[in-house]
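Participant:
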Amino acid sequence: MPKITFIEYNGTAHTVEVEEGLSVMEAAVNNGVPGIDADCGGACACATCHVYVDAAWEAKTGEKNESEAAMISFANGVEPNSRLSCQIKVTAELDGLVVRMPAGQH
Amino acid sequence: MNDAPIDLFAEAAEAARTTPIDKIDVSQPSIYQNDTWRPWFARLREDAPIHYCAESRFGAFWSVTRYKDIMAVDTNHKVFSSDSQLGGITIRDAPMSFRRPSFISMDPPLHDDQRRAVSPIVAPTNLVNLEKLIRERSQKILDSLPINEEFNWVEKVSVELTTQMLATLFDFPFEDRHLLTYWSDIATADLLSGKVSSEEERNEILQQCVKYMRALFKQRENGPPRFDLLSMMARDPSTRDMDDKMFLGNCILLIVGGNDTTRNSISGGLLALNQYRDQYDKLRANPALIETMVPEIVRWQTPLAHMRRTAVEDFNLNGAAIKKGDKVVMWYISGNRDEEMIENADDFIIDRARPRQHLSFGFGIHRCVGNRLAEMQLKILWEEILARFPEINVTGPVKRVFSNFVHGIEEIPVIIPRRH
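Sequence order for the protein chains is A and B.
Count along the first sequence starting at 1, add 1079, and that's the number in my numbering.
Count along the second sequence starting at 1, add 121, and that's the number in my numbering.
(1) Where does Val249 of chain B land, buried or exposed, given buried means 16+ other C-beta within 10 angstroms?
(2) Using the rule of at least 16 other Cβ atoms within 10 Å of the residue's Cβ for burial, across every protein chain shown, is Ile127 of chain B buried or exposed?
(3) Taking the beta carbon of Arg384 of chain B as the centre, do at least 16 other beta carbons fall within 10 Å, making it buried, or is it exposed?
(4) Quick one: what does DSSP say Asn514 of chain B is sitting in, helix, strand or coil?
(5) Closer than 7 angstroms, CB to CB, is Asn1155 of chain A near chain B or not?
(6) Where does Arg539 of chain B land, buried or exposed, given buried means 16+ other C-beta within 10 angstroms?
(7) Go through the region 225-284 of chain B residue by residue and report every complete run of the alpha helix (DSSP H) that reaches 4 residues or more, in order.
(8) Counting only C-beta atoms, is Gly1183 of chain A closer than 7 angstroms to chain B at any point?
(9) Do you know how far the Cα of Ser223 of chain B is from the Cα of Phe368 of chain B?
(10) Give me the residue from B:Gly344, B:Tyr303, B:Gly315, B:Ser352 with the minimum Cα distance to Gln328 of chain B.
(11) Around the C-beta of Asp1116 of chain A, are 16 or more other C-beta atoms found within 10 angstroms, so that it is buried, or is it exposed?
(12) My output table needs one value for His1129 of chain A: the three-state DSSP class, helix, strand or coil.
(13) What beta strand (DSSP E) runs, 3 residues minimum, are completely inside the region 391-474 of chain B?
(14) In chain B, which residues lie with their C-beta within 8 angstroms of the C-beta of Gly1120 of chain A?
(15) Closer than 7 angstroms, CB to CB, is Ala1124 of chain A near chain B or not?
(16) Looking at the C-beta of Ala1148 of chain A, does it have a partner C-beta in chain B at a distance below 7 angstroms?
(17) By the DSSP assignment, the alpha helix (DSSP H) with Cys330 of chain B in it spans what residues?
(18) Can you check DSSP and say which residues form a bridge with Val1178 of chain A?
(19) Using a threshold of 7 angstroms, state whether the C-beta atoms of Arg221 of chain B and Gly370 of chain B are closer than that.
(20) My guess is that Trp183 of chain B and Ala441 of chain B are in contact by the Cβ rule of under 8 angstroms, so how many angstroms apart are they, rounded?
(21) Under a CB-based cut-off of 7 angstroms, is Phe484 of chain B close to chain A?
(22) Closest Cβ-Cβ distance between Pro245 of chain B and chain A: below 7 angstroms?
(23) Quick one: which chain A residues come within Cβ less than 7 angstroms of Met192 of chain B?
(24) Determine, using beta-carbon pairs with one atom in the region 334-354 of chain B and one in the region 288-298 of chain B, whether at least three such pairs fall under 8 angstroms.
(25) Going by Cα to Cα distance, which pick from B:Trp452, B:Tyr397, B:Lys500 is closest to Ala163 of chain B?
(26) Indicate whether at least one CB of chain A lies closer than 7 angstroms to the CB of Thr413 of chain B.
(27) Can you list, in chain order, the residues of its chain with a C-beta nearer than 7 angstroms to that of Val280 of chain B? Leave out the 5 residues immediately preceding and following it.
(28) Cβ atoms of Val527 of chain B and Ile513 of chain B: under 7 angstroms apart, would you say?
(29) Confirm, please, whether the CB-CB distance from Asp1133 of chain A to Val1056 of chain A is below 7 angstroms.
(30) Here's a check: name, in chain order, each residue in its chain whose Cβ is nearer than 7 angstroms to the Cβ of Asp168 of chain B, leaving out the five neighbours to either side.
(31) Helix or strand or just coil, what does DSSP make of Phe526 of chain B?
(32) For the structure I just gave you, are there three or more beta carbon pairs, one from the region 194-210 of chain B and one from the region 222-236 of chain B, closer than 8 angstroms?
(33) In terms of alpha-carbon separation, which member of B:Phe484, B:Leu502, B:Ile212 lies closest to Cys1125 of chain A?
(34) Return the residue from the list B:Pro518, B:Leu337, B:Ala308, B:Leu313 that minimises the CA-CA distance to Glu325 of chain B.
(35) Comparing the C-beta of Arg458 of chain B with each C-beta of chain A, is any distance below 7 angstroms?
(36) Less than 7 angstroms separating the beta-carbons of Glu504 of chain B and Val415 of chain B?
Written as structure tokens, this is what we have:
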């Protein structure tokens, strides 16, 4: 199963194994990784699963669609590599993916 | 601990079961004031989840009552507009001359810019700054409460803490802070509530708010940068040149958003713990549960019962043929009790697995900007309550607000028997 590493704002890293087909958000929530709130449960409707995708992985995680871009624009501390992790699907290609968390989800 | 007598509940349950579906009208403020709204929405969720009410004091409207359907409307801002000129975000249509744009009653792109102008006030870094202040104020308020003597929890705690917070966010003269609560209540009052009797009267009172806030806004246009809502609006290109209507609209939005909602969650939480004593025991045994209790309070109370949209094109919503121009009301208070999404949804359970999956903050681009500040205020308050008082007991019937929008509580008589 692909491995994904989440790095909390304070630097703590969590590496988890995830089934393909789930979202990166679900990978965090199902494994108790702190720092991903995911209030809306994956509907791209709240921007509380905000992550920064490591540069090496930006191409492989794909592009934001219109609704993700709209929601994420209201998050705090938005950077060009900001994504909503509920909108990134885990595939074999993403084995080794590293994402970082913002200071808080709001 | 319910405030309505048993026979009133039984009557409502019977009426909700037997009233012809097309005659059901959940816009009646009385069902929220006497706390008999549950069976009406249970019926709608079951028999007509997207329900058309042809006649009401507020005209014809659709009621969307299930969680997933509400989510579908809330996240489709292109079809379901919030524009104040179409009627805005509440079931009540103000007369055209009193329709005031604000960023919640506006569609993109102006909405986006204005929301971004003020949202840094509730950014994670600023919440850290506010935490100490909120804790000190909570401590001071709680330490001043009488022991073994009945008082109104709403007045002494809920209103006081949230009004102080609001004064800080606006950097509003502290001694005049009761004006914020007053304007908030006037802005949302039902015309039959006795607080205000006509739209003209409401507008006249709110002009005092414009005058007062404008003076502060003017002072803050220049000089060294300050970090408060008025200064942020005074200096952002999207908000600095607002006319009086839009200025008032945005002031009222921020006042109501930061005031009624948290106030009524503070009140509702105490009521819930008294109604579900086993949960109060569980909380006392394990104060760490405050973390999951806070979002549960916000769900259970649902301090804003609804948000309204207006369809800007014909749309098939899960089988309901909504026409362009139709008024569509998302009843968050009902979606938050939808058993399909939330197990034992009518019960207050402080250790739910996914407590933040509720509709009270809305979803989509208009989702509550201050949600994390609201949660923080509740969290700190409950930490300080548990540190001080073994119990706070509700001692009599509560008095609720006559409104289908603000799901609020005006009076909760309580006694605190002793300190720790």
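Glycine included, every Cβ here is placed at the ideal spot set by N, Cα and C.
Bear in mind that the values here come from a model prediction, so they are computed numbers and not experimental data.
Facilitator: This is what the structure gives:
(1) Taking the first residue of the second sequence as 1, we reach residue 249 of chain B at position 128. Exposed, since its Cβ has fewer than 16 Cβ neighbours within 10 Å.
(2) Taking the first residue of the second sequence as 1, we reach residue 127 of chain B at position 6. The residue is exposed, with fewer than 16 neighbouring Cβ atoms inside 10 Å.
(3) Along the second sequence, read from residue 1 onward, the residue named residue 384 of chain B stands at position 263. Result: buried.
(4) Taking the first residue of the second sequence as position 1, residue 514 of chain B is located at position 393. Here Asn514 of chain B sits in strand by DSSP.
(5) Here residue 1155 of chain A corresponds to residue number 76 of the first sequence, with the count starting at 1. Output row for Asn1155 of chain A: interface = yes.
(6) In the second sequence, residue 539 of chain B corresponds to position 418, counting from 1. Arg539 of chain B should be labelled exposed.
(7) 231-239, 245-264
(8) Here residue 1183 of chain A is taken as the residue at index 104 of the first sequence, counted from 1. Yes, Gly1183 of chain A lies at the interface with chain B (some Cβ there is under 7 angstroms from its Cβ).
(9) For this step, residue 368 of chain B is matched to residue 247 along the second sequence. For this step, residue 223 of chain B is matched to residue 102 along the second sequence. Approximately 8 angstroms between the Cα atoms of the pair.
(10) Stepping through the second sequence from its first residue, residue 328 of chain B is reached at position 207. Among B:Gly344, B:Tyr303, B:Gly315, B:Ser352, the Cα nearest to that of Gln328 of chain B belongs to B:Tyr303.
(11) As a position in the first sequence, residue 1116 of chain A is number 37, starting the count at 1. When all chains shown are included, Asp1116 of chain A counts as buried.
(12) The residue you call residue 1129 of chain A lines up with position 50 of the first sequence. Three-state DSSP puts His1129 of chain A in a strand.
(13) 427-432, 436-438, 441-443, 448-452
(14) Along the first sequence, read from residue 1 onward, the residue named residue 1120 of chain A stands at position 41. Result: Arg475, Gln478.
(15) What you label residue 1124 of chain A is simply residue 45 of the first sequence in a count that begins at 1. Taking Cβ atoms only, chain B reaches closer than 7 angstroms to Ala1124 of chain A, which makes this a yes.
(16) Translated into the one-based positions of the first sequence, residue 1148 of chain A becomes position 69. Output row for Ala1148 of chain A: interface = no.
(17) The residue labelled residue 330 of chain B in the question sits at position 209 within the second sequence. Segment 320-340, the alpha helix (DSSP H) holding Cys330 of chain B.
(18) Your numbering for residue 1178 of chain A matches position 99 in the first sequence. Val1178 of chain A pairs with A:Phe1085, A:Val1132.
(19) Walking along the second sequence from the start, residue 221 of chain B turns up at place 100. Walking along the second sequence from the start, residue 370 of chain B turns up at place 249. Cβ atoms of Arg221 of chain B and Gly370 of chain B: closer than 7 angstroms.
(20) Taking the second sequence and counting its residues from 1, one reaches residue 183 of chain B at position 62. Taking the second sequence and counting its residues from 1, one reaches residue 441 of chain B at position 320. Trp183 of chain B to Ala441 of chain B, Cβ: 7 angstroms. Contact.
(21) As a working mapping, residue 484 of chain B is identified with position 363 in the second sequence. Closer than 7 angstroms: yes.
(22) As a first step, residue 245 of chain B must be located in the second sequence, where it is residue number 124. For Pro245 of chain B, the answer is yes, since a Cβ of chain A falls inside 7 angstroms of its Cβ.
(23) Within the second sequence, numbered from 1, the residue matching residue 192 of chain B stands at position 71. Going along chain A in sequence order, the residues near Met192 of chain B (Cβ under 7 angstroms) are Ala1122, Ala1124.
(24) yes
(25) Your numbering for residue 163 of chain B matches position 42 in the second sequence. Of the listed residues, the one whose Cα sits closest to Ala163 of chain B is B:Trp452.
(26) Taking the second sequence and counting its residues from 1, the one referred to as residue 413 of chain B is at position 292. It does not; no Cβ of chain A falls within 7 angstroms.
(27) Your numbering for residue 280 of chain B matches position 159 in the second sequence. The answer, listed in chain order, is Thr302, Arg384.
(28) Indexing the second sequence from 1 puts residue 513 of chain B at position 392. Indexing the second sequence from 1 puts residue 527 of chain B at position 406. No, the pair does not count as a contact, with Cβ atoms beyond the cut-off.
(29) The question about residue 1056 of chain A has no answer, for chain A in this structure spans 1080 to 1185.
(30) Counted from its first residue, the second sequence places residue 168 of chain B at position 47. Around Asp168 of chain B: Ile142.
(31) Here residue 526 of chain B is taken as the residue at index 405 of the second sequence, counted from 1. In this structure, Phe526 of chain B counts as coil in the three-state DSSP scheme.
(32) yes
(33) Numbered from its first residue, the first sequence carries residue 1125 of chain A at position 46. The candidate whose alpha carbon is nearest that of Cys1125 of chain A is B:Phe484.
(34) If you number the second sequence from 1, residue 325 of chain B lands on position 204. Of B:Pro518, B:Leu337, B:Ala308, B:Leu313, the residue nearest in Cα terms is B:Ala308.
(35) Position 337 of the second sequence, counting from 1, holds the residue named residue 458 of chain B. So no, Arg458 of chain B is outside the interface.
(36) Start at 1 with the first residue of the second sequence, and residue 504 of chain B comes out as number 383. Start at 1 with the first residue of the second sequence, and residue 415 of chain B comes out as number 294. No.
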